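Enquirer: Chains as they are written, first to last, in my numbering: chain H, 1 to 213; chain P, 1001 to 1213.
All residues carry an ideal CB built from backbone N, CA and C; glycine is no exception.
Bear in mind the structure is a predicted one, so any value in this text is a computation, not a measurement.
To start, I am sharing the structure in question, which I have written as structure tokens.
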């Protein structure tokens, strides 16, 4: 099994957490995003989208973090990353999608580069953009988990799952850009609980072999 | 069953197609996005994210189009919208995610408004932005379906599924902004096949009761 990733990629971070929770060993291939390795012909042969993560497993080459994690959950059911009931699964997938569809893609490196290179915005404008979309998404995420009795120690009950896997890397990103997390007490509480688990802590960007200052 | 949507929302369009494929009747609530109804307190009570679609079903209130469609597929398995094998499901979910994570959220109304109101960009710059992200995503989508024997009349085999449901509304958007579709012969061929089906055609924005010129 081979995971193509980058220490700073929060989508790769999600897959690292899932692999750790499932106790699956993997080889790591490091695709240096700032040097543009994801756009070269070699990696485009792995993933035509030129994005990490990609996972080679069972003779398949999978892309897109949430579909990869659903695959891992189907093939390696323990511990489950989705609830047993359809309504619970819809809730957890929706929470994950708030991050994976409506926060993270807006703040991806390729988008920040377009804002800078094509549209001429400076670091300050990029920082406001970055935190604006996190704040929008976190406000909804917080409202949904704070108001729902299905929330427990984690986003859904007392075991970590797909929603926590999406949330934790996004909070790490928010911390990097110094977003004020005070308006989001429930999700920061859940984040702290997540990061006490080895599966989450060992997946942190700062603990990856390709990390940089 | 009640679907909160807007004729022009391509995420709502996806759910309309899935409901039609499953032959499920629903009441429609129209949330006028350009008038800002999605941001008012009434709709925020339905979906704290302030985005359509939302679906009330089985006493639950679901948000996020792909999780809604997965719920419909689990509760109403015929016709299936995902393949029977884990690798096929991962492929179809990844194709859907290319649209739902990496194209559509970048071109959503709230993002175009931020680019215009906060960053001062004009219609021409917005149009370039819009088509840039579609072209990036379509190039990958095209490469993935053109090179894969699992592609059939539709994205995966000869029956429509989740990847087609994500693709078709995005092509309708691309046509609106006059993106040149010539570089994407496979996905435009699949799109034409989709739109010959009543389930897709009846879900088109121009056929919704709340459509506007």
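Could you tell me which of 1002/P, 1007/P, 1049/P and 1148/P sits nearest to residue 1207/P, measuring between CA atoms?
Expert: One-based indexing of the second chain puts residue 1207/P at position 207. For the residues 1002/P, 1007/P, 1049/P and 1148/P, the minimum Cα distance to residue 1207/P belongs to 1007/P.
Enquirer: Counting only C-beta atoms, is residue 208/H closer than 8 Å to chain P at any point?
Expert: Locating residue 208/H in the first chain gives position 208, counting from the first residue. Judged by the 8 Å Cβ criterion, residue 208/H is not in contact with chain P.
Enquirer: Output needed for residue 174/H: all residues of its chain with C-beta closer than 6 Å, excluding positions within five of it in sequence on either side, in chain order.
Expert: Residue 174/H sits at position 174 when you count from the first residue of the first chain. The answer, listed in chain order, is 134.
Enquirer: What does residue 1071/P touch in chain H if you count any residue whose Cβ is under 9 Å from its own?
Expert: Here residue 1071/P refers to the residue found at position 71 of the second chain. Near residue 1071/P (Cβ distances below 9 Å), the residues of chain H are 86, 87, 89, 90 and 93.
Enquirer: Measuring only between beta-carbons, confirm whether residue 113/H sits less than 8 Å from chain P.
Expert: One-based indexing of the first chain puts residue 113/H at position 113. Chain P, which has no Cβ nearer than 8 Å to the Cβ of residue 113/H, makes this no.
Enquirer: Comparing alpha-carbon positions, which option in 1022/P, 1029/P and 1035/P lies nearest residue 1109/P?
Expert: Residue 1109/P sits at position 109 when you count from the first residue of the second chain. Ranking 1022/P, 1029/P and 1035/P by Cα distance to residue 1109/P puts 1035/P first.
Enquirer: Tell me whether residue 1152/P sits in a helix, a strand or coil according to DSSP, three-state version.
Expert: Looking up residue 1152/P in the second chain gives position 152. DSSP places residue 1152/P in coil when its eight states are reduced to three.
Enquirer: With distance defined between alpha-carbon atoms, name the residue in 87/H, 4/H and 71/H nearest to residue 33/H.
Expert: Looking up residue 33/H in the first chain gives position 33. Here the closest residue by C-alpha is 4/H.
Enquirer: Are residue 1191/P and residue 1162/P close, meaning C-beta to C-beta below 8 Å?
Expert: The residue given as residue 1191/P occupies position 191 in the second chain. The residue given as residue 1162/P occupies position 162 in the second chain. No.
Enquirer: Hey, does residue 1075/P have any beta-carbon neighbour from chain H nearer than 8 Å?
Expert: Here the question's residue 1075/P lines up with position 75 in the second chain. True, the Cβ-Cβ gap to chain H drops below 8 Å.
Enquirer: Report the residue from 1101/P, 1164/P and 1197/P whose alpha carbon sits nearest the alpha carbon of residue 64/H.
Expert: If you number the first chain from 1, residue 64/H lands on position 64. Among 1101/P, 1164/P and 1197/P, the Cα nearest to that of residue 64/H is on 1101/P.
Enquirer: Can you pull out the residues from the region 48-66 of chain H whose beta carbon lies closer than 8 Å to at least one beta carbon of chain P?
Expert: Of all residues in the region 48-66 of chain H, 48, 49, 50, 51, 58, 60, 62, 63, 64 and 66 have a Cβ within less than 8 Å of some Cβ in chain P.
Enquirer: For the candidate residues 127/H, 119/H and 204/H, whose alpha-carbon lies nearest to that of residue 19/H?
Expert: Counting from 1 along the first chain, the entry for residue 19/H is found at position 19. Comparing Cα positions, the closest option is 204/H.
Enquirer: Taking Cβ-Cβ distances shorter than 7 Å, what residues in chain H pair up with residue 1105/P?
Expert: Here residue 1105/P refers to the residue found at position 105 of the second chain. Result: 101, 102, 105 and 106.
Enquirer: Would you check if the distance between the CB atom of residue 1031/P and the CB atom of residue 1043/P is smaller than 8 Å?
Expert: Here residue 1031/P refers to the residue found at position 31 when the second chain is read from its first residue. Here residue 1043/P refers to the residue found at position 43 when the second chain is read from its first residue. Yes, the pair counts as a contact, with Cβ atoms nearer than the cut-off.
Enquirer: Counting C-beta neighbours from all protein chains within 10 Å, is the total for residue 211/H 16 or more, i.e. buried, or is it exposed?
Expert: The sequence position of residue 211/H within the first chain is 211, counting from 1. So residue 211/H ends up on the exposed side.
Enquirer: So residue 121/H contacts chain P; which residues on that side make the cut at Cβ distance below 9 Å?
Expert: In the first chain, the residue the question calls residue 121/H occupies position 121. Those within 9 Å of residue 121/H in chain P are 1119.
Enquirer: Output needed for residue 93/H: all residues of its chain with C-beta closer than 7 Å, excluding positions within five of it in sequence on either side, in chain order.
Expert: Start at 1 with the first residue of the first chain, and residue 93/H comes out as number 93. These residues qualify, in order along the chain: 162.
Enquirer: Under DSSP, the beta strand (DSSP E) around residue 1094/P begins and ends at which residues?
Expert: Mapped onto the second chain, residue 1094/P falls at position 94. Residue 1094/P -> not in any beta strand (DSSP E); alpha helix (DSSP H) instead, spanning 1086-1102.
Enquirer: Write down the C-beta distance between residue 10/H and residue 104/H rounded to the nearest angstrom, noting that I regard them as a contact closer than 8 Å.
Expert: Here residue 10/H corresponds to residue number 10 of the first chain, with the count starting at 1. Here residue 104/H corresponds to residue number 104 of the first chain, with the count starting at 1. Their Cβ separation, rounded to whole angstroms, is 6 Å, which keeps residue 10/H and residue 104/H in contact under 8 Å.
Enquirer: If you compare alpha carbons, which of 28/H, 119/H and 49/H is closest to residue 1128/P?
Expert: Counting from one through the second chain, the residue named residue 1128/P turns up at place 128. Of the listed residues, the one whose Cα sits closest to residue 1128/P is 119/H.
Enquirer: Check each candidate in 1170/P, 1050/P, 1139/P and 1079/P and name the one with the smallest Cα separation from residue 1159/P.
Expert: Walking along the second chain from the start, residue 1159/P turns up at place 159. Comparing Cα positions, the closest option is 1079/P.
Enquirer: Out of 74/H, 22/H and 137/H, state which residue places its alpha-carbon closest to the alpha-carbon of residue 200/H.
Expert: Start at 1 with the first residue of the first chain, and residue 200/H comes out as number 200. Nearest of 74/H, 22/H and 137/H to residue 200/H, Cα basis: 22/H.
Enquirer: Can you tell which of 116/H, 181/H and 106/H has its C-alpha closest to the C-alpha of residue 1112/P?
Expert: Counting from 1 along the second chain, the entry for residue 1112/P is found at position 112. The residue with the shortest Cα to Cα distance from residue 1112/P is 106/H.
Enquirer: How many angstroms separate the CA atom of residue 1194/P from the CA atom of residue 181/H?
Expert: Indexing the second chain from 1 puts residue 1194/P at position 194. Indexing the first chain from 1 puts residue 181/H at position 181. Between residue 1194/P and residue 181/H, the C-alpha separation is close to 44 Å.
Enquirer: Examine chain P for any beta-carbon lying closer than 8 Å to the beta-carbon of residue 144/H, and answer yes or no.
Expert: Translated into positions along the first chain, residue 144/H becomes position 144. Yes, contact with chain P.
Enquirer: At the level of alpha carbons, what is the spacing between residue 1/H and residue 58/H?
Expert: Counting from one through the first chain, the residue named residue 1/H turns up at place 1. Counting from one through the first chain, the residue named residue 58/H turns up at place 58. Each residue's alpha carbon lies about 8 Å from the other.
Enquirer: When we look at the beta-carbon of residue 1124/P and count the other beta-carbons within 10 Å, is it buried (16 or more) or exposed?
Expert: As a working mapping, residue 1124/P is identified with position 124 in the second chain. Burial call: exposed.
Enquirer: If you drop the 5 nearest sequence neighbours on each side, which residues of the same chain put their C-beta closer than 6 Å to that of residue 179/H?
Expert: Within the first chain, the letter at position 179 stands for residue 179/H. Result list for residue 179/H: 131 and 134, in chain order.
Enquirer: Output yes or no for whether 8 Å exceeds the beta carbon distance between residue 28/H and residue 209/H.
Expert: Walking along the first chain from the start, residue 28/H turns up at place 28. Walking along the first chain from the start, residue 209/H turns up at place 209. Yes, Cβ-Cβ distance for residue 28/H and residue 209/H is below 8 Å.
Enquirer: If you measure from the beta carbon of residue 1163/P to each beta carbon in chain H, is any gap under 8 Å?
Expert: Along the second chain, one-based indexing puts residue 1163/P at 163. For residue 1163/P, the answer is no, since every Cβ of chain H falls outside 8 Å of its Cβ.
Enquirer: Could you check whether residue 187/H and residue 69/H sit closer than 8 Å to each other, using their CB atoms as the reference points?
Expert: In the first chain, residue 69/H corresponds to position 69, counting from 1. In the first chain, residue 187/H corresponds to position 187, counting from 1. No, the pair does not count as a contact, with Cβ atoms beyond the cut-off.
Enquirer: Tell me whether the beta-carbon of residue 95/H lies closer than 8 Å to the beta-carbon of residue 154/H.
Expert: Numbered from its first residue, the first chain carries residue 95/H at position 95. Numbered from its first residue, the first chain carries residue 154/H at position 154. No, they are not a contact pair.
Enquirer: Ordered along the chain, which non-local residues of its own chain (more than five positions away) have a Cβ less than 6 Å from that of residue 171/H?
Expert: Translated into positions along the first chain, residue 171/H becomes position 171. Here the set comprises 191.
Enquirer: Suppose you measure from the CA of residue 1244/P to the CA of residue 147/H; what does that come to, to the nearest Å?
Expert: Beyond the ends of chain P as shown, which are 1001 and 1213, falls residue 1244/P; an answer cannot be given.
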